[in-house]
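Asker: Start counting the sequence shown at 1; every next residue gets the next number (our numbering).
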Amino acid sequence: MDSVLIAIPSQNPGGLDAGLGAHFGHCDLYTLVAVQGGSVRDVQVVPNVPHQQGGCMAPVQYLAGKGVQQLIAGGMGLRPLMGFKQVGIQVLHGGEARTVGEAVQAAIDGKLMQFQQMHTCGGGGGL
Numbered sequence: 001m002d003s004v005l006i007a008i009p010s011q012n013p014g015g016l017d018a019g020l021g022a023h024f025g026h027c028d029l030y031t032l033v034a035v036q037g038g039s040v041r042d043v044q045v046v047p048n049v050p051h052q053q054g055g056c057m058a059p060v061q062y063l064a065g066k067g068v069q070q071l072i073a074g075g076m077g078l079r080p081l082m083g084f085k086q087v088g089i090q091v092l093h094g095g096e097a098r099t100v101g102e103a104v105q106a107a108i109d110g111k112l113m114q115f116q117q118m119h120t121c122g123g124g125g126g127l
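Written out as structure tokens, the structure is:
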């Protein structure tokens, strides 16, 4: 299996034991997890970007610039979901995962489904 860089919206302080951020655009930070051959190789925590400038698309461009290939999210609006598709980042629905580590393991195991339009919300954090 090739190496893949996965971004997960996270609660403070980030890392594999952190709780999942409920909504991608309004999370405190992102945990970036490099996975290779079915194993976690590296974990980094990066702050979220201000939402005002560029709206929902600012985090999309920010994560694309960091080389992210997959994003695991519990909620997001349709506009950023389309933005991730445009920049080539695959979005997976976090499902039942409660922590970053659980979500990453579920992704490695192929248990997460592709994030669909039916999973989107109206934005603004209202799930």
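C-beta atoms are modelled at their ideal positions from N, C-alpha and C, and glycine is treated no differently.
The structure presented is a predicted model; accordingly, all values stated were derived computationally and were not measured.
Measuring CB atoms only, is the stretch 109-117 touching the stretch 17-25, in the sense that at least three cross pairs come out at less than 8 angstroms?
Answerer: No: fewer than three Cβ pairs fall under 8 angstroms.
Asker: With burial defined as no fewer than 16 other Cβ atoms inside 10 Å of the residue's Cβ, what is the status of SER10: buried or exposed?
Answerer: Flag for SER10 reads buried.
Asker: Which runs of the beta strand (DSSP E), 3 residues or longer, sit entirely within the stretch 24-53?
Answerer: Within the stretch 24-53, the complete beta strand (DSSP E) runs of at least 3 residues are 29-36, 39-47.
Asker: How should GLN61 be labelled, buried or exposed, when 16 other C-beta atoms within 10 angstroms of its C-beta is the threshold for buried?
Answerer: Exposed.
Asker: Applying the 10 Å Cβ sphere with the 16-neighbour rule, what's the burial state of PRO50?
Answerer: With fewer than 16 Cβ atoms within 10 Å of its Cβ, PRO50 is classed as exposed.
Asker: Using three-state DSSP, classify ILE72 as helix, strand or coil.
Answerer: Reduced to three states, the DSSP call for ILE72 is strand.
Asker: Does the beta-carbon of VAL87 have 16 or more other beta-carbons within 10 angstroms, so that it is buried, or is it exposed?
Answerer: VAL87 comes out exposed.
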